[in-house]
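Heads up: the structure comes next, in C-alpha coordinates.
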Amino acid sequence: MTELVPNNWIHLQELLFADIFSGGLNRHRSSLVYRGLSDIAYPLNTGLIRLGGNFKSLERNLLRNFRKYAGKKEYDDYTIWNWLSLAQHHGLPTRLLDWTFSPYIALHFATSNVDKYDRDGVIWCVDFEKASELLPDAFKQMLAQENAVGFSVEMMNQLCASLDDFDNLGRQCGDFILFIDPPSMDERIINQYALFSILPNPETIVNDFLDKHPELCKKVIIPASLKWEIRDKLDQANITERVLFPGLDGLSMWMKRWYSPR
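The sequence shown begins at 0 in numbering that gives the first Met the number 0 and counts up one residue at a time.
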(Lines of atoms letter the chains of each structure in order from A; the text may use other names.)
(Lines give C-alpha, C1' and ligand atoms only; values in the text may rest on other atoms or scores of the structure.)
Protein backbone atom coordinates (compact mmCIF):
# COMPACT_ATOMS: atom_id res chain seq x y z
CA MET A 0 0.00 0.00 0.00
CA THR A 1 1.33 3.41 -0.96
CA GLU A 2 2.16 5.79 1.91
CA LEU A 3 2.74 9.46 1.10
CA VAL A 4 4.18 12.11 3.43
CA PRO A 5 3.74 15.82 2.60
CA ASN A 6 6.54 18.31 3.27
CA ASN A 7 4.24 21.30 3.67
CA TRP A 8 0.68 22.58 3.12
CA ILE A 9 1.07 22.99 -0.65
CA HIS A 10 2.57 19.52 -1.04
CA LEU A 11 -0.37 18.13 0.97
CA GLN A 12 -2.83 19.61 -1.55
CA GLU A 13 -0.87 18.03 -4.39
CA LEU A 14 -1.01 14.62 -2.73
CA LEU A 15 -4.71 14.79 -1.87
CA PHE A 16 -5.76 15.99 -5.31
CA ALA A 17 -3.32 13.97 -7.42
CA ASP A 18 -4.64 11.87 -10.32
CA ILE A 19 -8.26 12.97 -10.00
CA PHE A 20 -8.83 13.92 -13.65
CA SER A 21 -11.52 11.77 -15.26
CA GLY A 22 -10.86 11.38 -18.96
CA GLY A 23 -14.34 9.98 -19.58
CA LEU A 24 -16.01 13.04 -18.05
CA ASN A 25 -13.29 15.51 -19.03
CA ARG A 26 -13.60 16.85 -15.48
CA HIS A 27 -11.57 16.80 -12.30
CA ARG A 28 -13.70 14.24 -10.49
CA SER A 29 -12.03 11.97 -7.96
CA SER A 30 -12.90 8.29 -7.59
CA LEU A 31 -11.58 8.36 -4.03
CA VAL A 32 -13.34 8.43 -0.68
CA TYR A 33 -11.51 9.59 2.44
CA ARG A 34 -11.33 8.89 6.16
CA GLY A 35 -9.23 11.05 8.47
CA LEU A 36 -7.81 9.79 11.76
CA SER A 37 -6.00 11.89 14.34
CA ASP A 38 -3.59 9.06 15.21
CA ILE A 39 -1.88 6.99 12.51
CA ALA A 40 -1.95 4.00 14.88
CA TYR A 41 -5.76 3.86 14.90
CA PRO A 42 -7.15 0.93 12.90
CA LEU A 43 -10.16 1.20 10.60
CA ASN A 44 -12.41 -0.49 13.16
CA THR A 45 -16.18 -0.19 13.00
CA GLY A 46 -18.14 0.81 16.07
CA LEU A 47 -19.33 -2.79 16.33
CA ILE A 48 -15.77 -4.12 16.50
CA ARG A 49 -14.79 -1.41 19.00
CA LEU A 50 -17.65 -2.61 21.22
CA GLY A 51 -15.53 -5.68 22.00
CA GLY A 52 -16.58 -9.00 23.47
CA ASN A 53 -18.75 -11.27 21.36
CA PHE A 54 -19.83 -8.30 19.24
CA LYS A 55 -20.93 -10.36 16.22
CA SER A 56 -23.68 -12.05 18.23
CA LEU A 57 -24.83 -8.65 19.55
CA GLU A 58 -25.39 -7.00 16.17
CA ARG A 59 -28.98 -8.25 15.77
CA ASN A 60 -29.78 -7.38 19.41
CA LEU A 61 -28.50 -3.84 18.98
CA LEU A 62 -30.51 -3.23 15.81
CA ARG A 63 -33.65 -4.94 17.10
CA ASN A 64 -33.73 -2.87 20.28
CA PHE A 65 -32.81 0.32 18.43
CA ARG A 66 -35.86 -0.23 16.21
CA LYS A 67 -37.99 -1.11 19.24
CA TYR A 68 -37.19 2.06 21.17
CA ALA A 69 -36.84 4.53 18.28
CA GLY A 70 -40.60 4.69 18.28
CA LYS A 71 -41.47 7.25 15.58
CA LYS A 72 -44.13 6.40 13.00
CA GLU A 73 -42.03 7.98 10.26
CA TYR A 74 -39.75 4.95 10.57
CA ASP A 75 -42.52 2.39 9.94
CA ASP A 76 -41.51 1.76 6.32
CA TYR A 77 -37.77 1.62 6.96
CA THR A 78 -35.76 -1.29 5.58
CA ILE A 79 -32.77 -2.80 7.37
CA TRP A 80 -30.53 -0.47 5.33
CA ASN A 81 -32.44 2.61 6.48
CA TRP A 82 -32.18 1.38 10.06
CA LEU A 83 -28.45 0.70 9.79
CA SER A 84 -27.84 4.18 8.37
CA LEU A 85 -29.99 5.84 11.03
CA ALA A 86 -28.35 3.85 13.84
CA GLN A 87 -24.83 4.66 12.62
CA HIS A 88 -25.72 8.31 12.28
CA HIS A 89 -26.85 8.46 15.92
CA GLY A 90 -23.87 6.63 17.38
CA LEU A 91 -25.08 3.03 17.73
CA PRO A 92 -22.24 0.53 17.21
CA THR A 93 -22.78 -0.96 13.73
CA ARG A 94 -20.69 -2.64 11.05
CA LEU A 95 -20.77 0.57 9.00
CA LEU A 96 -17.73 2.85 8.84
CA ASP A 97 -17.91 6.59 8.11
CA TRP A 98 -16.17 8.09 5.07
CA THR A 99 -16.44 11.34 3.14
CA PHE A 100 -16.11 12.40 -0.47
CA SER A 101 -14.22 15.51 0.71
CA PRO A 102 -10.47 15.37 1.45
CA TYR A 103 -10.82 18.59 3.47
CA ILE A 104 -13.45 17.09 5.73
CA ALA A 105 -11.16 14.09 6.23
CA LEU A 106 -8.41 16.58 7.11
CA HIS A 107 -10.73 18.14 9.67
CA PHE A 108 -11.17 14.82 11.47
CA ALA A 109 -7.42 14.18 11.32
CA THR A 110 -6.74 17.52 13.06
CA SER A 111 -9.79 18.21 15.25
CA ASN A 112 -8.39 16.55 18.39
CA VAL A 113 -5.76 18.90 19.81
CA ASP A 114 -4.76 16.25 22.36
CA LYS A 115 -3.29 14.26 19.45
CA TYR A 116 -1.08 17.02 18.04
CA ASP A 117 2.04 15.22 19.23
CA ARG A 118 1.23 12.28 16.93
CA ASP A 119 1.05 11.84 13.18
CA GLY A 120 -2.42 11.53 11.70
CA VAL A 121 -3.50 9.88 8.48
CA ILE A 122 -5.95 10.22 5.61
CA TRP A 123 -7.06 6.88 4.19
CA CYS A 124 -7.98 7.18 0.50
CA VAL A 125 -9.92 4.32 -1.12
CA ASP A 126 -10.78 4.11 -4.81
CA PHE A 127 -14.46 3.16 -4.93
CA GLU A 128 -14.38 2.54 -8.70
CA LYS A 129 -11.63 -0.05 -8.34
CA ALA A 130 -13.38 -1.50 -5.29
CA SER A 131 -16.56 -1.98 -7.33
CA GLU A 132 -14.66 -4.34 -9.63
CA LEU A 133 -14.56 -6.84 -6.74
CA LEU A 134 -18.32 -6.77 -6.17
CA PRO A 135 -20.64 -9.68 -6.99
CA ASP A 136 -22.11 -9.45 -10.49
CA ALA A 137 -25.57 -8.40 -9.32
CA PHE A 138 -24.08 -5.39 -7.54
CA LYS A 139 -22.01 -4.41 -10.57
CA GLN A 140 -25.11 -4.63 -12.75
CA MET A 141 -27.09 -2.45 -10.34
CA LEU A 142 -24.40 0.27 -10.40
CA ALA A 143 -24.33 0.16 -14.22
CA GLN A 144 -28.12 0.21 -14.46
CA GLU A 145 -28.40 3.21 -12.12
CA ASN A 146 -25.26 4.92 -13.50
CA ALA A 147 -24.21 5.27 -9.87
CA VAL A 148 -20.93 5.26 -7.95
CA GLY A 149 -22.43 4.13 -4.64
CA PHE A 150 -25.50 2.33 -3.39
CA SER A 151 -28.61 4.00 -2.01
CA VAL A 152 -30.57 2.23 0.71
CA GLU A 153 -33.24 1.49 -1.90
CA MET A 154 -30.70 -0.17 -4.18
CA MET A 155 -29.36 -2.22 -1.29
CA ASN A 156 -32.85 -3.38 -0.36
CA GLN A 157 -33.44 -4.61 -3.92
CA LEU A 158 -30.23 -6.61 -3.81
CA CYS A 159 -30.37 -7.93 -0.22
CA ALA A 160 -33.47 -7.57 1.92
CA SER A 161 -31.65 -8.66 5.09
CA LEU A 162 -28.19 -8.79 6.62
CA ASP A 163 -28.36 -12.58 6.40
CA ASP A 164 -28.75 -12.32 2.61
CA PHE A 165 -25.82 -9.92 2.49
CA ASP A 166 -23.61 -12.13 4.65
CA ASN A 167 -24.46 -15.20 2.57
CA LEU A 168 -23.15 -13.37 -0.49
CA GLY A 169 -19.85 -12.87 1.26
CA ARG A 170 -19.62 -16.57 2.04
CA GLN A 171 -20.36 -17.39 -1.60
CA CYS A 172 -18.28 -14.70 -3.31
CA GLY A 173 -15.58 -13.83 -0.77
CA ASP A 174 -15.04 -10.52 0.98
CA PHE A 175 -15.78 -7.26 -0.79
CA ILE A 176 -16.32 -3.66 0.25
CA LEU A 177 -19.08 -1.39 -0.98
CA PHE A 178 -20.16 2.15 -0.20
CA ILE A 179 -23.64 3.27 0.78
CA ASP A 180 -24.87 6.83 0.20
CA PRO A 181 -27.11 7.41 3.24
CA PRO A 182 -30.38 9.31 3.05
CA SER A 183 -30.04 13.02 3.79
CA MET A 184 -31.40 12.61 7.31
CA ASP A 185 -30.15 15.99 8.50
CA GLU A 186 -27.65 18.75 7.79
CA ARG A 187 -24.80 16.84 9.41
CA ILE A 188 -24.93 14.06 6.80
CA ILE A 189 -25.13 16.66 4.03
CA ASN A 190 -22.42 19.00 5.32
CA GLN A 191 -19.97 16.18 5.98
CA TYR A 192 -20.47 14.85 2.41
CA ALA A 193 -20.76 11.50 4.16
CA LEU A 194 -21.07 7.89 3.09
CA PHE A 195 -20.61 4.51 4.74
CA SER A 196 -18.60 1.43 3.90
CA ILE A 197 -19.79 -2.08 4.68
CA LEU A 198 -18.37 -5.59 4.33
CA PRO A 199 -20.38 -8.84 4.34
CA ASN A 200 -18.66 -10.13 7.47
CA PRO A 201 -18.98 -7.90 10.56
CA GLU A 202 -15.77 -9.37 11.96
CA THR A 203 -13.62 -8.26 9.02
CA ILE A 204 -11.41 -5.30 9.87
CA VAL A 205 -11.24 -2.88 6.96
CA ASN A 206 -7.44 -2.64 7.33
CA ASP A 207 -7.14 -6.39 6.81
CA PHE A 208 -9.28 -6.24 3.68
CA LEU A 209 -7.25 -3.35 2.25
CA ASP A 210 -3.97 -5.11 3.05
CA LYS A 211 -5.12 -7.89 0.71
CA HIS A 212 -6.05 -5.33 -1.97
CA PRO A 213 -3.39 -2.59 -1.75
CA GLU A 214 -4.27 -1.39 -5.26
CA LEU A 215 -7.49 0.08 -3.83
CA CYS A 216 -5.88 2.35 -1.31
CA LYS A 217 -3.26 4.91 -0.41
CA LYS A 218 -2.46 6.63 2.87
CA VAL A 219 -1.51 10.28 3.18
CA ILE A 220 0.37 10.74 6.45
CA ILE A 221 -0.30 13.98 8.35
CA PRO A 222 2.93 14.82 10.20
CA ALA A 223 2.40 16.12 13.72
CA SER A 224 4.60 19.10 12.84
CA LEU A 225 2.03 20.24 10.22
CA LYS A 226 -1.14 19.81 12.25
CA TRP A 227 -1.38 23.34 13.67
CA GLU A 228 -0.91 24.95 10.27
CA ILE A 229 -3.44 22.60 8.66
CA ARG A 230 -5.93 23.24 11.44
CA ASP A 231 -5.64 27.01 11.25
CA LYS A 232 -6.04 27.00 7.47
CA LEU A 233 -9.06 24.70 7.63
CA ASP A 234 -10.64 27.07 10.17
CA GLN A 235 -9.94 29.97 7.81
CA ALA A 236 -11.70 27.98 5.06
CA ASN A 237 -14.70 27.42 7.37
CA ILE A 238 -14.14 23.65 7.63
CA THR A 239 -15.09 23.54 11.32
CA GLU A 240 -17.30 21.73 13.83
CA ARG A 241 -19.71 24.68 13.64
CA VAL A 242 -20.42 23.75 10.00
CA LEU A 243 -20.01 19.96 10.13
CA PHE A 244 -22.09 19.51 13.30
CA PRO A 245 -24.83 22.15 12.93
CA GLY A 246 -26.34 23.20 16.24
CA LEU A 247 -25.16 24.20 19.67
CA ASP A 248 -23.10 21.04 20.22
CA GLY A 249 -21.00 21.72 17.12
CA LEU A 250 -20.71 25.40 18.02
CA SER A 251 -19.40 24.46 21.47
CA MET A 252 -16.91 21.94 20.05
CA TRP A 253 -15.57 24.54 17.63
CA MET A 254 -15.24 27.26 20.28
CA LYS A 255 -13.53 24.90 22.72
CA ARG A 256 -10.91 24.01 20.12
CA TRP A 257 -10.63 27.56 18.70
CA TYR A 258 -9.74 28.99 22.10
CA SER A 259 -7.36 26.18 23.07
CA PRO A 260 -3.80 27.48 23.49
CA ARG A 261 -1.05 26.11 21.30
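No residue lacks a Cβ here, since even glycine has one placed at the ideal position from N, Cα and C.
Which partner residues of Leu177 appear in the DSSP bridge assignment? Residue pairing by DSSP puts Leu177 in a beta bridge opposite Ile197.
Range of the contiguous beta strand (DSSP E) that encloses Ile104: Note, Ile104: premise wrong, no beta strand (DSSP E); alpha helix (DSSP H) at Pro102 to Thr110.
Between the Cα of His107 and those of Arg34, Cys216, Ala69 and Pro135, spot the shortest distance and give me the residue it belongs to. Restricting attention to Arg34, Cys216, Ala69 and Pro135, the CA atom closest to the CA of His107 is found in Arg34.
By alpha-carbon positions, which one of Leu91, Leu85 and Phe20 ends up nearest to Leu57? Leu91
Is it right to say Gly23 is buried, meaning 16 or more other beta carbons lie within 10 angstroms of its own, or is it exposed? That one is exposed.
Beta-carbon separation (whole angstroms), Thr99 vs Val32, contact threshold 8 Å: 7 Å
Residue range of the unbroken beta strand (DSSP E) whose run includes Glu2: Thr1 to Leu3
If you run the structure through DSSP and keep just helix, strand and coil, what is Leu47? helix
What runs of the alpha helix (DSSP H), each 4 residues or longer, lie entirely inside the segment 86 to 159? 102 to 110, 127 to 131, 136 to 145 and 152 to 158
Using only the alpha-carbon positions, how far apart do Pro199 and Asn44 sit? 15 Å
Near Ser37, which residues of its chain fall below 8 Å by C-beta distance, leaving aside the five closest residues on each side in sequence? Taking C-beta separations shorter than 8 Å and ignoring five residues to either side along the sequence, the partners of Ser37 in its chain run Phe108, Ala109, Thr110, Ser111, Asn112, Lys115, Arg118 and Gly120, following chain order.
Contacting residues, own chain, Cβ-Cβ under 6 Å from Leu168 (five flanking each side not counted): Pro135 and Pro199
Taking all protein chains shown into account, decide if Glu240 is buried (16 or more other Cβ within 10 angstroms of its Cβ) or exposed. buried
Can you tell me where the alpha helix (DSSP H) with Ile221 in it begins and where it stops? Premise fails: Ile221 lies in the beta strand (DSSP E), Cys216 to Ile221, not in any alpha helix (DSSP H).
Segment limits, beta strand (DSSP E) that includes Arg63: Looking at the DSSP string, Arg63 is not in any beta strand (DSSP E); the run it does join, the alpha helix (DSSP H), is Phe54 to Ala69.
Going along the chain, which residues of its own chain have a beta-carbon closer than 6 Å to the beta-carbon of Lys55, five neighbours each way excluded? Pro201 and Glu202
State the DSSP-derived secondary structure class of Tyr33, mapped to helix, strand or coil. strand
I need the straight-line Cα distance from Ser21 to Gly70, nearest angstrom please. 45 Å
Cut-off 6 Å between Cβ atoms - residues of its own chain near Tyr103, not counting five sequence neighbours on either side: Ile238
Grab me the residues of Ala137's own chain with a C-beta within less than 8 Å of its C-beta, minus the 5 sequence neighbours each way, in chain order. Leu158
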